[in-house]
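Novice: The structure that follows is given in the form of structure tokens.
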Amino acid sequence: MVSTSLPSFIQMSSTNSSFTEKLSNPQNKFQISLPFPSLPSCKPLQNSVPFAASLAILLWSTPANAGFMSGISGLEAVPGPQLPQIDFLKNLNDENQKKYAENDERIKSSPLLKKLLEQSKLNKEKNRKEIENKYCIRGAEWGVGDCSTEGMSPAEREKFIAMLKQKAGVE
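Here the sequence shown is numbered in the numbering used here, starting from 503 and rising by one per residue.
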């Protein structure tokens, strides 16, 4: 069997002009017989066939168009018709907007809301402090972090952790 410049899995036989594709199993072979006899003197032609096929596929392929997304103006570029304005609905909408604005101002200036916002700020600070204390105590017990007890004697360590717990109100 004479090998050409085709890839190793496709070989052209010089005796009966058939392409043989070698599969992973050597017993299974797929052969295509061509109707014309092999021409031993056409070696350059046999070498240029894969190149010509690749070039033809490359040149004949057309790019895909994305339709609306490719810059072509579509329906979204056309403005819709102007809807008629109904005075009754427009006046009703304006009145509602005024009511909503007045209610918002009244609620924002409410003493109850101001008291609740102030309580919320105080609770936020208190909760932040409680979380810091909890993690400081945990770090002291484990010997890590800013409140580490590394290097303290066992008696100093117990005294320090007790002081942290008393300060935090835990126990």
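Beta carbons are placed, not taken as given, at the ideal position from N, Cα and C, and that holds for glycine.
Can you name the start and end residues of the alpha helix (DSSP H) that E634 belongs to?
Specialist: Position 132 of the sequence shown, counted from the start, is the residue given in the question as residue 634. It spans 613–644 - the alpha helix (DSSP H) in which E634 sits, taken as one unbroken run.
Novice: Would you tell me roughly how many angstroms separate the C-alpha atoms of C638 and K616, rounded to the nearest one?
Specialist: In the sequence shown, counting from the first residue as 1, residue 638 sits at position 136. In the sequence shown, counting from the first residue as 1, residue 616 sits at position 114. Approximately 33 Å between the Cα atoms of the pair.
Novice: Check whether the region 627–646 and the region 604–611 are in contact - that is, three or more C-beta pairs closer than 8 Å.
Specialist: Touching, no.
Novice: Suppose you measure from the CA of P581 to the CA of P613; what does that come to, to the nearest Å?
Specialist: What you label residue 581 is simply residue 79 of the sequence shown in a count that begins at 1. What you label residue 613 is simply residue 111 of the sequence shown in a count that begins at 1. Answer to the nearest angstrom: the Cα atoms are 49 Å apart.
Novice: Pull up the distance between the alpha-carbon of C647 and that of E634, whole angstroms please.
Specialist: As a first step, residue 647 must be located in the sequence shown, where it is residue number 145. As a first step, residue 634 must be located in the sequence shown, where it is residue number 132. Inspection of the sequence shows that residue 647 is occupied by Gly rather than by Cys. Rounded to the nearest angstrom, the two C-alpha atoms are 12 Å apart.
Novice: Where does E660 fall in DSSP's three states?
Specialist: The residue you call residue 660 lines up with position 158 of the sequence shown. E660: helix per DSSP, three-state reduction.
Novice: Look at the alpha carbon of K669 and the alpha carbon of E632, and state the distance between them as a whole number of angstroms.
Specialist: Here residue 669 corresponds to residue number 167 of the sequence shown, with the count starting at 1. Here residue 632 corresponds to residue number 130 of the sequence shown, with the count starting at 1. Their Cα atoms are separated by approximately 10 Å.
Novice: Within the same chain, show all residues whose beta-carbon is closer than 8 Å to that of F590, passing over the 5 residues directly before and after it, in chain order.
Specialist: Along the sequence shown, one-based indexing puts residue 590 at 88. Excluding residues within five positions, none has a Cβ falling inside 8 Å.
Novice: Does D648 come out as helix, strand or coil in the three-state DSSP assignment?
Specialist: Within the sequence shown, the letter at position 146 stands for residue 648. In the structure shown, D648 sits in coil (DSSP, three-state: anything other than H, G, I, E or B).
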